[in-house]
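Asker:
2 protein chains.
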Amino acid sequence: MEKEKILTAYKKLRKQVKKGCYTNENTLLLGEIYLSSLNFLKKMKRVTLISKVQNKSYFAFTSNDQLSRAVNQDLFMPDYSKWEQLRNGMEINDITSLSNNEIQKILYSMAVSFCASIDLIKKRDQKTPGTFFEYFIAYFFSWRVGVEPRKYIQLLNIDAIEKKLPTDFIFNLGKNQKKFHLPVKISTRERAIMLWAHQRLIDGVYGSSRFIGTPVIMTETKTSQSKKEVIEICLPEQWMLYQNFIAQLKRIYYLDLPEAYKNLDKKSPSLIVKPFSEFFEEWQRL
Amino acid sequence: MEKEKILTAYKKLRKQVKKGCYTNENTLLLGEIYLSSLNFLKKMKRVTLISKVQNKSYFAFTSNDQLSRAVNQDLFMPDYSKWEQLRNGMEINDITSLSNNEIQKILYSMAVSFCASIDLIKKRDQKTPGTFFEYFIAYFFSWRVGVEPRKYIQLLNIDAIEKKLPTDFIFNLGKNQKKFHLPVKISTRERAIMLWAHQRLIDGVYGSSRFIGTPVIMTETKTSQSKKEVIEICLPEQWMLYQNFIAQLKRIYYLDLPEAYKNLDKKSPSLIVKPFSEFFEEWQRL
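For the record, the sequence lines run as chains A and B.
Using our numbering, the first residue of the first sequence is number -15, and each one after it goes up by one.
Using our numbering, the first residue of the second sequence is number -15, and each one after it goes up by one.
(1) Is the beta carbon of B:S171 sitting closer than 8 angstroms to the one on B:I(-10)?
(2) Measure from the alpha carbon of A:L139 to the alpha carbon of each residue in A:R30, A:K147 and A:K89, then state which is nearest.
(3) Locate the beta strand (DSSP E) running through B:K206, then write down its first and last residues.
(4) Residues in the same chain with beta-carbon distance under 7 angstroms from B:P167, minus the five sequence neighbours each way, listed in chain order, please.
(5) Determine whether the Cβ of A:G197 lies closer than 8 angstroms to any Cβ atom of chain B.
(6) For A:I236 and A:V257, what's the separation of their Cα atoms in angstroms?
(7) Assuming A:P220 is part of the alpha helix (DSSP H), what are its boundary residues?
(8) Could you check the C-alpha separation between A:M74 and A:W127 for me, to the nearest Å?
(9) Take the Cβ of A:R184 as the centre, count every other Cβ of all protein chains shown within 10 Å, and call the residue buried at 16 or more, exposed below.
(10) Could you name the residues of chain A that B:N228 contacts, counting a contact when the two beta carbons are closer than 8 angstroms?
(11) Within 10 Å of its beta-carbon, does A:L25 have 16 or more other beta-carbons around it, so buried, or fewer, so exposed?
(12) Could you check the C-alpha separation between B:R53 and B:T207 for me, to the nearest Å?
(13) Let me know the alpha helix (DSSP H) ranges lying completely inside the segment -12 to 40 of chain B, each 4 residues or longer, listed in chain order.
(14) Can you give the Cα-Cα distance for B:K89 and A:N156, rounded to whole angstroms?
(15) With 16 other CB atoms within 10 Å as the buried threshold, where does A:V136 fall?
(16) Would you kindly work out how many angstroms separate the C-alpha atoms of B:D240 and A:Y18, rounded to a whole number?
(17) Whether or not the segment 90 to 97 of chain B and the segment 56 to 64 of chain B are in contact is what I'm after, with contact meaning three or more pairs of Cβ atoms, one per stretch, closer than 8 angstroms; do they touch?
(18) So A:L166 is in the beta strand (DSSP E); what residue range does that whole segment cover?
(19) Taking 8 angstroms as the CB-CB limit, is A:E221 close to chain B?
(20) Residues of chain A with CB under 8 angstroms from B:I177, in chain order?
(21) Against chain B, does A:L225 count as a neighbour if the rule is that its beta carbon must be under 8 angstroms from one of theirs?
(22) The beta strand (DSSP E) spanning A:P113 covers which residue range?
(23) Could you tell me whether the segment 208 to 228 of chain B touches the segment 245 to 259 of chain B, using the rule of 3 or more Cβ pairs below 8 angstroms?
(24) May I have the straight-line CA-CA distance separating B:E118 from B:R134, to the nearest angstrom?
(25) Among A:K(-5), A:L149 and A:L104, which residue has its Cα nearest to the Cα of A:K27?
(26) I'd like the list of long-range same chain contacts for A:K106, defined as Cβ closer than 8 angstroms, with 5 residues on each side in sequence excluded.
(27) Just to make sure I have the definition right: I need the residues of chain A whose C-beta is within less than 9 angstroms of the C-beta of B:L149. Which are they?
(28) Whole angstroms are fine: how far does the CA of B:Q69 sit from the CA of A:V55?
(29) Roughly how many whole angstroms lie between the Cα atoms of B:G130 and B:L248?
(30) Pick helix, strand or coil for B:F98, following the three-state DSSP scheme.
(31) Which partner residues does B:I236 have in the DSSP bridge list?
(32) Cα separation between B:E9 and B:G197?
(33) With a cut-off of 8 angstroms on the beta carbons, I'd call B:E243 and B:Q38 a contact; round off their distance for me.
(34) Going by the beta-carbon positions, is the gap between B:S261 and B:N77 smaller than 8 angstroms?
(35) Nearest to B:L12 by CA position, among B:Y123, B:R175, B:K163 and B:P220, is which residue?
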């Protein structure tokens, strides 16, 4: 059954990521997970959700009274061959045969199809989608920047004890080279302040902006199971304060970019929130 | 039925808090909630939990296969008359007839008995206990410092637009007087960094330590329903980094103080974590 295929491939992925994020094994496993998820979801009914999000339409998959998370109608492109095209491009280090918009749709479709499948296979499992999404994003990030991440930073304590602090993904491109701080979240909603707080901590240890903060978030939607309604929870004014008073994040990337965050780059201090696909072409200028 | 009594009194409390935190109505309602919760729990079975927390024993209430949160055996003192004694003391502004230890037990018992009741009455309702606990702590805090809290701060933006930022409780004792920043949480676990981040934000707007940060947390325990096991999730090393690099919290108060946080005041920079009952005698020295 597709269900077992998804879970088995995911289990293997969890083991493999210990050996590295961007590896041949993971390329195969992500493909397997995507294909099984698409086949699994193909058999499920779709319910159109009442969208309280301007200019965006959402649906959910449903099975046995369970409802999946909201899926963005425009971004969902369940076409496996597009992933093959992206994968082949990544192998030769040239993905320009795909537009940013197409890349965004491929990434969104891969991430949401696994998460929506888990919503229907398991009950109230938040952890599996969250963990998957972390390694999913780290896979693409790692490919692009060409190094593997760590999940800790070294601390040089004044009290002389050298310690490791567990963190989000850290990509260190080498001595005097760029260093990225990559938190990955399914959504942040009222917990977004944590992104800035972690950046501040790393700034505190290593100096302001030594590490370039580039969080990647999937979406800020929230689905009401009973009302079959989807809303987007955004706090743009608070975000500007965080950017002002806590730390500076260089970019915030989304797979399903909320309208409310699109124009924060026109404010001061500017905060640039973009589709994640744009990272692939702009990363060297960050 | 007791169940209805608890819910009705809670509903009234939610309305009343809009008029103020420390009021005669709330005194009556908190008493009603406590008494109904004790009567409700009296009829429930108790299950001893496997405690992975050193030197602490926990049990849970159970009904129809549902298990309540963990209750600290030593702190739970289901004696309504003790609350009456505290309440009478508060009325004449003298609670010295009770020891700190007794006050701690009264507060813990009141808070945990409502939360445990809700665990059995509702399914997976995190919001009701969280909201109750906020107003419960604000009630005692407000009594002690003699002013009512606000839940926002005024921002003076350089771009001239005056705005309100929603916050945790803010107690402003007056011009040139102490100002407290009181976040209230059932538990913080891996989200504790938010306490420091909010303090930093307020420091940023008003200047370092203009507002005295004194979060109050109930407990850091986590109960496994299936294993009937209770653990405590503490991150003392991370906390020291937050205190070092994000902001300075003056105190962190607990109703069920974790062992791992007791001795952080011996480190540098010191972080003083204490039973909440001690606030009542030390608040003027903060």
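In this text, a Cβ means the ideal position worked out from N, Cα and C, and glycines have one as well.
Computed from a predicted structure; not experimentally measured.
Answerer: This is what the structure holds:
(1) no
(2) A:K147
(3) T205 to S208
(4) D152, L179, H182 and P199
(5) no
(6) 5 angstroms
(7) P220 to F229
(8) 8 angstroms
(9) buried
(10) G188
(11) buried
(12) 6 angstroms
(13) 8 to 26
(14) 50 angstroms
(15) For the record, residue 136 of chain A in the displayed sequence is Tyr; it is not Val. Exposed is the call here.
(16) 46 angstroms
(17) yes
(18) K163 to L166
(19) yes
(20) M178, A181, H182 and L185
(21) yes
(22) Looking at the DSSP string, A:P113 is not in any beta strand (DSSP E); the run it does join, the alpha helix (DSSP H), is K111 to V129.
(23) yes
(24) 13 angstroms
(25) A:L104
(26) T112
(27) E221, Q222 and L225
(28) 56 angstroms
(29) 30 angstroms
(30) helix
(31) B:V257
(32) 28 angstroms
(33) 6 angstroms
(34) no
(35) B:Y123
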